[in-house]
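All the letters of the sequence shown, read from the start, carry residue numbers 9 to 925 under the working numbering.
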Amino acid sequence: MEKKMRFGIKSKIIIGYLIVIVCLFIAFIVLNSQISSLQKERNFIIDHDIEVHDLTNRIEKHLLDMETGQRGYIITGEASYLEPYNSAASSWEKDYNALYQLLNNNPNQQEKLEKIKGSIQDWIEAAGEPTIALKKENNTKELQQFFEKDPGRQYMDDIRSQFTSFRNVEKKSTETRATELDEKNQKIKIGLYGLLLFVTLISLAIAIVLSNSIVNTIKEVTQTIKRITASKGELKGRIKVRSNDEIKDLGIATNALLENIEERNWLQTNIAHAVTMYQGIASVDKLAEKFLFTVSEMTGASFGAFYVREENDKGDLFVKQAAFADRKGDAGRESFLIGEGLIGQAALEKRTLVINDVPDTYQLIASGLGDVKPKSIFIVPVLFEDEVIAVIELASLHELTVLEQELISQVIETFGLTINGVIRRMEIARLLKESQAMTEELQAQSEELQTQSEELQMQSEELRMINEQLEERTKDAEEKSFELEAAKEDLEEKAHQLELNSQYKSEFLANMSHELRTPLNSILILSEMLEENAAKTLSEDEEEYARIIHSSGKDLLALINDILDLSKVESGKLDVLLAEMNMSELPDQIERNFSHVAEQKKVQLKIYKAQDVPNIIHTDEKRFQQIVKNLLSNAFKFTESGSVTVSIQRVADHRLTTAMRTVDTDCWLEIAVADTGIGIPKEKHQLIFEAFQQADGATVRKYGGTGLGLSICSEFAKLLGGWISLSSEVGKGSTFTLYLPSLSNGLVDYEKVNFAYEEVAVSIEEAEPEAEITEIDHPVQPVEPSLPDDENVFQDKRVLIVDDDQRNIFALKTALAKQGMTIMTAHNGIECLEMMKNSEPFDLILMDIMMPQMDGYEAMQKIRGELKLVDLPIIALTAKAMKNDREKCLEAGASDYISKPLDLNQLFSVMRVWLVN
Numbered sequence: 009m010e011k012k013m014r015f016g017i018k019s020k021i022i023i024g025y026l027i028v029i030v031c032l033f034i035a036f037i038v039l040n041s042q043i044s045s046l047q048k049e050r051n052f053i054i055d056h057d058i059e060v061h062d063l064t065n066r067i068e069k070h071l072l073d074m075e076t077g078q079r080g081y082i083i084t085g086e087a088s089y090l091e092p093y094n095s096a097a098s099s100w101e102k103d104y105n106a107l108y109q110l111l112n113n114n115p116n117q118q119e120k121l122e123k124i125k126g127s128i129q130d131w132i133e134a135a136g137e138p139t140i141a142l143k144k145e146n147n148t149k150e151l152q153q154f155f156e157k158d159p160g161r162q163y164m165d166d167i168r169s170q171f172t173s174f175r176n177v178e179k180k181s182t183e184t185r186a187t188e189l190d191e192k193n194q195k196i197k198i199g200l201y202g203l204l205l206f207v208t209l210i211s212l213a214i215a216i217v218l219s220n221s222i223v224n225t226i227k228e229v230t231q232t233i234k235r236i237t238a239s240k241g242e243l244k245g246r247i248k249v250r251s252n253d254e255i256k257d258l259g260i261a262t263n264a265l266l267e268n269i270e271e272r273n274w275l276q277t278n279i280a281h282a283v284t285m286y287q288g289i290a291s292v293d294k295l296a297e298k299f300l301f302t303v304s305e306m307t308g309a310s311f312g313a314f315y316v317r318e319e320n321d322k323g324d325l326f327v328k329q330a331a332f333a334d335r336k337g338d339a340g341r342e343s344f345l346i347g348e349g350l351i352g353q354a355a356l357e358k359r360t361l362v363i364n365d366v367p368d369t370y371q372l373i374a375s376g377l378g379d380v381k382p383k384s385i386f387i388v389p390v391l392f393e394d395e396v397i398a399v400i401e402l403a404s405l406h407e408l409t410v411l412e413q414e415l416i417s418q419v420i421e422t423f424g425l426t427i428n429g430v431i432r433r434m435e436i437a438r439l440l441k442e443s444q445a446m447t448e449e450l451q452a453q454s455e456e457l458q459t460q461s462e463e464l465q466m467q468s469e470e471l472r473m474i475n476e477q478l479e480e481r482t483k484d485a486e487e488k489s490f491e492l493e494a495a496k497e498d499l500e501e502k503a504h505q506l507e508l509n510s511q512y513k514s515e516f517l518a519n520m521s522h523e524l525r526t527p528l529n530s531i532l533i534l535s536e537m538l539e540e541n542a543a544k545t546l547s548e549d550e551e552e553y554a555r556i557i558h559s560s561g562k563d564l565l566a567l568i569n570d571i572l573d574l575s576k577v578e579s580g581k582l583d584v585l586l587a588e589m590n591m592s593e594l595p596d597q598i599e600r601n602f603s604h605v606a607e608q609k610k611v612q613l614k615i616y617k618a619q620d621v622p623n624i625i626h627t628d629e630k631r632f633q634q635i636v637k638n639l640l641s642n643a644f645k646f647t648e649s650g651s652v653t654v655s656i657q658r659v660a661d662h663r664l665t666t667a668m669r670t671v672d673t674d675c676w677l678e679i680a681v682a683d684t685g686i687g688i689p690k691e692k693h694q695l696i697f698e699a700f701q702q703a704d705g706a707t708v709r710k711y712g713g714t715g716l717g718l719s720i721c722s723e724f725a726k727l728l729g730g731w732i733s734l735s736s737e738v739g740k741g742s743t744f745t746l747y748l749p750s751l752s753n754g755l756v757d758y759e760k761v762n763f764a765y766e767e768v769a770v771s772i773e774e775a776e777p778e779a780e781i782t783e784i785d786h787p788v789q790p791v792e793p794s795l796p797d798d799e800n801v802f803q804d805k806r807v808l809i810v811d812d813d814q815r816n817i818f819a820l821k822t823a824l825a826k827q828g829m830t831i832m833t834a835h836n837g838i839e840c841l842e843m844m845k846n847s848e849p850f851d852l853i854l855m856d857i858m859m860p861q862m863d864g865y866e867a868m869q870k871i872r873g874e875l876k877l878v879d880l881p882i883i884a885l886t887a888k889a890m891k892n893d894r895e896k897c898l899e900a901g902a903s904d905y906i907s908k909p910l911d912l913n914q915l916f917s918v919m920r921v922w923l924v925n
């Protein structure tokens, strides 16, 4: 019932606001109704009166249009003036009818409108239509007579006066409505002020009632709290509130707070008392007795026992140290193990046990009058560093309250530290007695230790000296480490400089190659043409001059190639392309390339090939051929008479050295080139394999050469996984032997293999060859490919030469013109593109690479890309001849590639192939 009658502060405030809102809502409805009425009247005035004036003006305008159209037609006779007349004549009655309907609530005005309508119709019948008809009949005389009297003017004046009267009446009517509207608006304003005053008074009355209801109750609560505060800590007083609202809830909460504070004060007071009572106690049994007495006094416990942990052979044993209300020592058992019984279980689980439902068989509490059964048992373990060091059990005749249980728990929280302190003090006292007994013994030992200390001090001095020496050595090592680091940085800087020097060297050689090959190209082409003497205009001496020039140019070209090859090898940029090589064709190739040299020198050429030499080996055929050609060229150069012998055989398994067996290969080949020439002294054997070195200066003067051939051959042999050995005797001849593996499984790491040359050479020279060697005694005739005759291929072909060097253009133009071709020339890529756009199509383009403004690469890309000439043969000509030049030319759009200086036979062969295709 009390809950139903509850009327809280929130409800009071909400009801007060609701009353104010209802009043405002009623005022709003009334005000809105009045405003709506005013709005309707205002809209009526605006819409009705404006519409009336608008229709009146439009009717008058129609009449004016009719009069103007009539007069214009009569004056000019043009039918266009009748258009406004006819339009107004058909429209004025519609506006009249609309106006008449608007005035259906004003009969007087409708009556005036009917008079106006009659006047308009009279004008039309008397003045409008007759005059128009007379004008159409062209009856000027009657028109003149009509306008002398002009009855239409009178009609018009009457109509205007009627309209004026009509407007004045409407204007007065509008003013009357506006006045009525102002009066009604004034009444609404007065009513609004009165309503506002009424709502304000109601709101103030509600606010006063609510505030008194709340403030009076709060004052009562405040007075009660002040009385409790003035009682100087006495918290027995309580707050009483009669209202059934939130203030009452506040009083109840405050009373609960006071009770809680009172309980906390009691708790803190007893805890402080318990903590201070066991200060200065030095034994555990006295501490236990004092604790049980104090706790029993605070909680009203009637029975208790105190157990402390002791260690023995069986484990942790809790032994009774004190009891409260003990009867001849029967207050609990003397000891228990952890986990034994409820008290042992509490110690095991480290938790407090409270038992209120005590069984009848539990030990009775004795008094003078008899024995009483306890109602509550409280078992609490005492912890120190999360270990149980004691257990306390209390029994009470009443159930322990939560506050009493909390008191015991909080006292126990710090009691473990106290018990441990007492136990430690007892242990310290025991140890102190033992230490006093041991002091004399230690004093005797201290003298012995003093002697040992002096010995240790001497050893420490020695160690200090050794440590100083080690520190000095460490400093020396650090200084050397810094020096090594500086040397390392210096070496890295020098290595970087060497790399830059190598790069500059390669660029220099490439540019020098271009600059040398460009004029050399013209020399070789023109000297070859002079040597052929196709026109028979040169004498034999002049032909010999041309042959000498051509031969010297070829020697210069060979020197340039040797220098470039050596540079590539030294810089590590020489590519090795492994592929299959047909060894059965090697004797025929040697015969074909050097038989004419042997005939010229009158030296016998002998070629031997063993039967067990495989037909196919894996190596870089180009480098292999270069090594063999160099060795044979040297053999013929230094042999005046006798023979040059080439021996090709497979190295037998029993002749393979340990180093040769480490190479992953199918077989080892031995190619020996022996001559009966001048021979090489023993002390010069290693020297001749170095760059720009020969046996002596006389050799250079007599036989010529640069000393690069053998150096290049040696480097090529190492790249292919082999080496070259030399056996020679002055005056008897020399034998250069190339040992080479078949690299079917890839290149050999020459530095890793690290062949022992001398051991290899000795072991191979000592072994006798067992393989059967067959002499190749028949010359091999080269087979020329079957192609159409030059005249059929080159005749009337249009060729564009693109080159910035006039010497090359002249040489090529002269050579090609002899073949019957039509030659056009351009000096750079831009001229080439212009000529291709503006001239007839070309059959072939000879494109130089290094040109100003636009080089050959860009020109070929534009020909293929912008001009869409995909099938036009373009042969790239370059004098730079460095690594990847061929691939770069083909990627740019070249069909084929020839390096300068040009060999005319090679050039004609390549051109023939592309022109035929």
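Just so it is clear, CB atoms sit at the ideal spot from N, CA and C, and this is done for glycine as well. Just so you know, these numbers come straight off a predicted model, no measurement behind them.
Going by DSSP, residue 350 is part of the alpha helix (DSSP H) stretching over 349-357. Distance from the CA of residue 688 to the CA of residue 643, rounded to the nearest whole angstrom, comes to 12 angstroms. CA-CA distance, residue 840 to residue 634, rounds to 38 angstroms. The three-state secondary structure of residue 61, taken from DSSP, is helix. Within a 10 Å sphere around the beta-carbon of residue 638 sit 16 or more other beta-carbons, which makes this residue buried. The beta carbon of residue 330 sits closer than 7 angstroms to those of 293, 296, 297, 300 and 314, all from its chain and outside the five residues before and after it, given in chain order.
The beta carbon of residue 342 sits closer than 6 angstroms to those of 328, all from its chain and outside the five residues before and after it, given in chain order. The way I'd put it, the stretch 123-137 does touch the stretch 65-80; three or more beta-carbon pairs between them come closer than 8 angstroms. In this structure, 842 is the residue among 359, 850 and 842 with its C-alpha nearest to the C-alpha of residue 862. Annotation: the continuous alpha helix (DSSP H) that includes residue 604 extends over 594-609. Annotated as distal: residue 362 and residue 287, with beta-carbon spacing of 8 angstroms or more. In the DSSP assignment, residue 93 falls within the alpha helix (DSSP H) that extends over 90-110. A straight-line Cα-Cα distance of about 23 angstroms links residue 880 and residue 822.
At a Cβ-Cβ threshold of 8 angstroms, residue 817 and residue 824 do not count as neighbours.
The three-state reading of DSSP puts residue 693 in coil, since its state is none of H, G, I, E or B. Shown here, residue 677 sits in a strand according to DSSP, grouped into three states. Taking a C-beta distance under 8 angstroms as the contact criterion, residue 427 and residue 397 qualify as a contact pair.
As the crow flies, the alpha-carbon of residue 621 is around 56 angstroms from that of residue 494. Your pair residue 883 and residue 919 checks out as a contact, with CB atoms roughly 7 angstroms apart and the cut at 8 angstroms. A Cβ-Cβ separation of about 6 angstroms places residue 128 in contact with residue 71 under the 8 angstroms criterion. A Cβ-Cβ distance of about 19 angstroms is found for the pair residue 170 and residue 102, leaving them out of contact under the 8 angstroms criterion.
Between residue 233 and residue 418, the gap from beta carbon to beta carbon reaches 8 angstroms or more.
Beta-bridge partners assigned by DSSP to residue 612: 651. Counting along the chain, the unbroken alpha helix (DSSP H) around residue 306 starts and ends at 292-307.
Burial of residue 160 is indicated by the presence of at least 16 other C-beta atoms within 10 angstroms of its C-beta.
Residue 344 places its beta carbon 8 angstroms or farther from that of residue 390. Here residue 177 is near residue 117, since their CB atoms are less than 8 angstroms apart. A Cβ-Cβ distance of about 6 angstroms is found for the pair residue 751 and residue 627, placing them in contact under the 8 angstroms criterion. The stretch 142-161 makes no contact with the stretch 196-208; the number of CB pairs closer than 8 angstroms stays below 3. In the structure shown, the three-state DSSP call for residue 901 is coil. Taking a 10 Å sphere around the C-beta of residue 855, we find 16 or more other C-beta atoms and assign the residue as buried.
Taking the C-beta atoms as reference points, residue 682 is found nearer than 8 angstroms to residue 741. Rounded to the nearest whole angstrom, the C-alpha separation of residue 100 and residue 168 is 15 angstroms. With a beta-carbon spacing of about 46 angstroms, residue 441 and residue 405 fall beyond the 8 angstroms limit used to define contacts.
A straight-line Cα-Cα distance of about 19 angstroms links residue 924 and residue 826. Linking residue 112 to residue 57 through their CA atoms gives a straight-line distance of about 13 angstroms.
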